[in-house]
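For the sequence shown, the UniProt record's numbering gives the first residue as 1, with consecutive numbering after it.
Positions of the beta carbon are idealized from the N, C-alpha and C atoms, including for glycine.
All values derive from a computational prediction rather than experimental measurement.
Report on the structure given below.
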Amino acid sequence: MDTAQVWSFKVKGKDGVTNCIWDLCYSPDGSQLIVASGNLVWVYKADNGSLIKNLKGHKDTVYCVAYAHDSSIFGSGSADKCVIIWKSSTLEGLLKYMHTESIQCLEFNPVTVLLASTGSTDFGFWTMDQKSVVKTKISARPTCCSWMSDGQFLAIGLYNGVISIRNKETEEVVKIERPGNPITWHLKWNPSKNGHGEILAVVDWNQKLSFYQLNGRQTGKDYLLGYDPCNITWFGNKYESLAICGSNKMCQLYNNEGIRLACINKQQTWIWCCCTRNGYNQIVVGCQDGTLETVQLLLDPVYSFHKDRYAYRESLTDVVVQHLITEQKARIKCRDYVKKISLFKNLLAIQLPEKILIYESSSDDMKDMHYRINTKLLEQIHCQYLIIITNHLIGIKEREWIVDSPVNCIRIIGGPPNKEGLLLGLKNGQVVQIIVDNTFPIHLTKIMNEVYSVDISRNRDKLAIVDSNKTMIVYSLEKQESLFQEPNVSSISWSTTNNELLAYTGNDLLFIKNGQFPSHRQYNKGQTLNFTGSFIYCLHENTINRVEISLSPAVYHYLGTGQLNEAYHLACFGLTDQDWKVIGRMALNKLNLKVAKCAYIQLDDILMLTFIQQLEERYKRGEWNNQELINKSSNVLTILGDISAYLGHFNEAVAYYTQANSTNINHKIIDMYTDLRRFNEAHEMLKSNNDINEHKLLLVKNADWAKSTNEYRTAVKMYMDAGEFIKAIELSDLHGWTDILLDISRRLDKDDHEYLERCARSLTRLGEYAFAADCYAKYGDIENQLNLYIESHNWEEAFNLVEKHHDYTRKVYLPYANWLAENDKFEEAQTAFIKAGLQNEAISVLEQLATCAAKESRFDDAGFYYWKLSVLCLNMLNNETITKPVYQELLSRYDDFQRKADVYYVYNNIYRFLHEPFASHMPETYFNMARYLIHILQFGDIPEVSKAAVLYTLAKHGRTLGAYKLTKQIYDRLQTLHMPSKMRDEVDLASITLNSGPMIDSEDISTMCYRCSATNPLLNSLGNRCMNCKEPFIYSFINLEQLPIVEFIPEDNLSHEEVLSYLQSEPPSYRNLKDEDINNIELSNEYSQTLKISHEQENGSLDQDPFMAKLLNSDLISESYSPVQLDITTLKAISFNEVIIVNNPPLKPRYYKSVLPDVSITQCIVCHKLFYTDDYELISLQQGYCPYCHTVKE
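In structure tokens form, the structure reads like this:
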């Protein structure tokens, strides 16, 4: 290993006496060197060794120095027991602290400003933020210390051979006890981490070198040094080697496995200390005699390159072989200093100090990276170059060639086995070729200066030479003359695939030169080693880079001179797709179909290959020949025009076509312009043509192109101009252009039904219903107008149109009704169904409403809807065209709807009573309502109406009103029904408590018939009619009290108008009945008891009211009910104010006579229900409408 002295001198004190150099260190940036010698601290410039300052402050010998990682401070320790902290910027003392004994070593933490200092019996940690240093006692005398690179642990070597590893809290975490207890003189952590983490190198005065892990486990064995080591320091960019100095007066280099590599410095006395200057490959040593010397290690890159493999030295003892294409790497551990390397094909030669090793990989597999030892040459060989070829090793004497001057460079130029050739560049400027099997060198040429580098072209006809002035000379071996020169060149390499391409480097630039053409360049650091295809391999700082270059400039040079074949051959080594397109197009322009075809094969362009195939067929058919190509005949110009048009060079195509001047050329140009969508030019060409259809066809094509390029509005206008209204309408509809649709509709005539209808549909879709209606109206389409109004729910316009066209009434009102129903306007929908003549649908809507209302417990609404249904059925009876069965069915449905309406109306109050906290009626009213419902429900159930609820209400209020017997019967009946648990508990309790009371009903709540005066039971098997005379009870539909009225009918031959006229006539005069004497005559029959009332006058004569006479004489015990029948005389005798007429056409009128004229009764003129006047007026005032039919009271 070669070294060079940088500077050297002896450190002398003031008296000129040299003192031993005990310790030294570099600043982190390598600019300063701190030396401990005598009682001074010496500060030198690291570059040249000039003294900056010697620092005074210690009173005794300075033993150790250390620099902080941030370069702000450094420290020194002395035999005077003091540690002084120096400020690096001013070289002045910052502070001082003491130990109990002399200072043995110092070490700054590599991460923080933490200084570890050791005395003879203790050690301490100092930081900037603490005032005092806490000392920790230790079992033996410390001799050395070293921090790990992460600053977490400190290793302290002791005089008794123990190594103590402490954390930053001074706690001992690992204790290493070494066999034989040798004095641990120095130790150092390796900053780089291998598979075991950081390694601690330790030397002792048993002359051994050892390595330890953090856990205290030894790595490897103890290595015997043969001398007493004084200091160690790690060396190299990756800290792969170790420098050790000592009593042998040398500083030697070892690898990280303890194997000695080389001696790097020798002195006259012991070397007490050494230190590495990071980044400079320099080591400084300090000797016992005061010598301070810095040496530079000349570690030139050791590498070799052959084709796709690159071998280089790593860590001084390893060889790494890298496959540049697959990126595979193989490492060969030589365990000795690697001096030289040579690669050739599958062979690898490695020169070590005492031997040469030859390795071999598989020759069959070019990617095989497993090297096996082939030959060992156990001899020490001194040579300047080591080159291996197939069967020879250049450097070992088998055949000798004597040349005229020393050899500066050698390059293998290949050849068959045993006949390989070498190029030699000599110091005298000669270039010599050697063939291995030829004894005589071949002189090639000679230049004025030394040959620095040389290479030969692929065809062995040109040389490239770089001389000592860095001038490149390219020399022709055929012409024996210089072709050209280039300055500032550091390395050269001919292309192995092209005889004209040359790569050379200089000034961090890479140049590629193609023959006599100008070179092109790109930025790149390093030296070129090989040039293959489009890749150049460059070496920079022991790393080889595979640089892909662009061959485009060289290709374009050939294309510029028309050398298509040369351009194609060069392009085959790597070109971009765009460059291939240029080659293909230029070949087509020259009608060189072979090169064009090869270019488009590279691009996988099937369309262009098909086009070239068509051109080849045309050539075979004789459309042109080589002579025509030279003369540029009309046929050739037409073909070139076709090629230009196909390639997209349309202006060129037009120029070729124009030059060809062949027949039908204008038509061909128009077709091309049309295909190119260059319609302006096409229109210009058509100006001389008056064919309207051709103009329209061109306009449509123009519009189609505008549409494809998203210029839709322009396309629509073109379609309109061409008369293609359907396409214009569709495109306007797609983009919602109402204004254009209106413009189209205005252009159209009323006879254009199809176009107007399409316009109307599009306008409808866009929501412009009014404009769409105008389109339909333009050609008189009433039905579509109505459909439009219906679709847009513009019912007002639809109704206005129906008034003019009655035939469409059903068409409008049916969707109107459905729309109302969909929007929850069911009542309006029912009215609309009626207007549409769909009574069944109207009934269905109301039935659904009523059913839903009942299921949702909205019984008031359910009763109202069923009343509306009954009214609807009644209205349908007015239709004179219905048959008798239909009439009977409607009448039956009317009765059913009326019954349900009454029940739901009454049950609503019962339901509210049971589910609301407050009662809205008196107990008598609830009692009457419950009795009314029980009498109706005994003839059939009503959906959603609970009998249990009705019976419970009847019993609850019956007990309150004194109907104990009735209540008992109902409670017994409730025991058999399903009820809610709460109601069941109340019923059970009431049944028990009721047994202790009376078992009769109060006479105050009995029911009397106003026709026969019979008293009826509270629960009547006949329902709401008298058990004696079968007279139906008529109730006030507010409190359900029985009204004092009796039904009568006129004689059969009297019409309603006649009856009204008789009733409205002046009745005969009767004297006032005063001092009445009412005699009670009890009549009995098998059904009931009746009370007959008679009035006797004071004179003893009976002067009766005619109606009363008819009433008393009527048949009261008939099986069927028959109202009282009155003749004309009786009708005239009745006061019209005492008669209530229920006239609900088409039903027959019903007549009622009030037996208590003083009681005022009111009839609702809409629902025809009867009410006590006072109750009705009160409810009407409170609610504003009839409680039954919800008719608003004006």
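Three-way DSSP call (helix, strand, coil) for residue i in this model
| i | result |
| --- | --- |
| Gln898 | helix |
| Ser857 | coil |
| Thr674 | helix |
| Glu240 | coil |
| Asp752 | coil |
| His1056 | helix |
| Val654 | helix |
| Gly940 | coil |
| Tyr1176 | helix |
| Tyr159 | coil |
| Gly648 | coil |
| Gln527 | strand |
| Pro923 | helix |
| Gln104 | coil |
Backbone CA spacing between residue i and residue j [nearest angstrom]
| i | j | result |
| --- | --- | --- |
| Ala311 | Asn507 | 25 Å |
| Gln351 | Lys339 | 5 Å |
| Lys238 | Asn281 | 12 Å |
| residue 1195 | Arg546 | Nothing can be reported for residue 1195: it is not among the residues displayed for the chain, which extend from 1 to 1194. |
| Asn231 | Ile244 | 6 Å |
| Thr497 | Leu242 | 46 Å |
| Lys525 | Ser490 | 11 Å |
| Glu481 | Ile332 | 46 Å |
| Tyr964 | Ala948 | 18 Å |
| Asp289 | Val113 | 33 Å |
| Ile84 | Trp22 | 16 Å |
| Thr1090 | Thr1015 | Confidence in Thr1090 is poor, its pLDDT being 29 and thus under 50, which makes the residue's placement unreliable; the coordinate value appears in the next sentence. When rounded, the distance between both Cα atoms is 7 Å. |
| Tyr164 | Ser78 | A small fix is needed here, since residue 164 is Ser in this sequence, not Tyr. The straight-line gap from Cα to Cα measures roughly 23 Å. |
| Pro417 | Leu347 | 13 Å |
| Tyr600 | Gly421 | 40 Å |
| Arg260 | Leu253 | 6 Å |
| Tyr905 | Leu846 | 16 Å |
CB of residue i within 8 Å of CB of residue j, strictly
| i | j | result |
| --- | --- | --- |
| Val432 | Pro441 | yes |
| Phe939 | Gly1023 | yes |
| Phe108 | Ala66 | yes |
| Leu24 | Cys275 | yes |
| Ile1034 | Ile1049 | no |
| Ile413 | Ile447 | no |
| Ala567 | Ile536 | no |
| Lys81 | Met98 | yes |
| Tyr371 | Glu354 | no |
Range covered by the alpha helix (DSSP H) that runs through residue i
| i | result |
| --- | --- |
| Met718 | 712-722 |
| Ser120 | Here Ser120 belongs to no alpha helix (DSSP H), and DSSP marks it neither H nor E. |
| Leu1131 | 1128-1133 |
| Gly414 | From DSSP, Gly414 is part of no alpha helix (DSSP H) but of the beta strand (DSSP E) over 407-414. |
| Ile740 | 738-747 |
| His735 | 725-735 |
Residue i: CB within 7 Å of a non-hydrogen atom of the ligand FAD
| i | result |
| --- | --- |
| Asp47 | Among the components modelled here there is no ligand, and therefore nothing to report on the ligand FAD. |
Extent of the continuous beta strand (DSSP E) run through residue i
| i | result |
| --- | --- |
| His306 | 303-306 |
| Trp494 | 491-494 |
| Thr112 | It is not in any beta strand (DSSP E) - Thr112 carries neither H nor E in the DSSP assignment. |
Q. Should the region 291-311 be regarded as contacting the region 541-552, the criterion being three or more beta carbon pairs within less than 8 Å?
A. yes
Q.
With three or more C-beta pairs closer than 8 Å as the rule, is the region 341-356 touching the region 570-577?
A. no
**Q.** Cβ pair count under 8 Å reaching 3, the region 143-162 against the region 181-198
**A.** yes
Q | Meets three-Cβ-pair contact criterion under 8 Å: the region 38-53 and the region 4-24 | A | yes
(Q) Between the region 123-140 and the region 163-182, can you find at least three pairs of beta-carbon atoms closer than 8 Å? (A) yes
Q.
With three or more beta-carbon pairs closer than 8 Å as the criterion, would you say the region 765-785 touches the region 726-746?
A. yes
Q: Could you say if the region 955-971 and the region 876-888 meet the contact criterion of at least three C-beta pairs nearer than 8 Å?
A: no
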